[in-house]
Each structure stands twice: as structure tokens, then as C-alpha cells.
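Trainee: Below are the C-alpha cells for one structure; questions will follow.
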Amino acid sequence: MPSESNVATLVPTKSDADLAAEFKKRAIEVYEPVLQLLNEANAAGFEIGIGSGPTPIGKHMITALRVAKVY
Numbered sequence: 179m180p181s182e183s184n185v186a187t188l189v190p191t192k193s194d195a196d197l198a199a200e201f202k203k204r205a206i207e208v209y210e211p212v213l214q215l216l217n218e219a220n221a222a223g224f225e226i227g228i229g230s231g232p233t234p235i236g237k238h239m240i241t242a243l244r245v246a247k248v249y
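Counting with the working numbering, you get residues 179 to 249 for the letters of the sequence shown.
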């Protein structure tokens, strides 16, 4: 009979729906300061455009950043 130290313990995992909800909540929380900056720039007459996506090295990065004065 195997000893108890050799018995694997199963760790419950989260469902895809739970993970998606968690990612959505965190994304909103961390993006809030960016939205504040965009609103501040807009009030000063500037428009900021930001694009991001996966890069060839497999990490998400800012791929485009444009700041323009709106006349």
C-alpha cells in the first residue's frame, strides 16, 4: 500500500468562464488610469491613439502610439 506522501493531491481549477470574468475585471481595473490620461489629453486638445498586440517574441506590447494636436 502506498504511503500517503506518494498520493497526488488534485487542485481544483477555475472554469474558462471564471477565468474570463477575472481577466475582464482586472483589465478594467488596470486600464482605468489610461482612460483618465486619454480624457486629460482630450481636454487639452490632444488625441492619443494606442495600439497593442502580440509580437513575434510572443508578448503583448504597444505596437503603435500616436499623439496628435486636434485643431
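Just so it is clear, CB atoms sit at the ideal spot from N, CA and C, and this is done for glycine as well.
(1) With a cut-off of 8 Å on the beta carbons, I'd call Ala242 and Glu225 a contact; round off their distance for me.
(2) Skipping 5 residues on each side, what residues in its chain have a beta carbon closer than 7 Å to that of Pro190?
(3) What are the boundary residues of the alpha helix (DSSP H) that Ile206 is part of?
(4) How big is the Cα-Cα spacing for Ala205 and Gly236?
(5) Name, in chain order, the residues that DSSP records as bridge partners for Leu243.
(6) Tell me the rounded alpha-carbon separation between Ala199 and Glu210.
Mentor: Let me spell this out:
(1) 13 Å between Cβ atoms; not a contact.
(2) none
(3) Asp194 to Ala221
(4) 19 Å
(5) Ile228
(6) 17 Å
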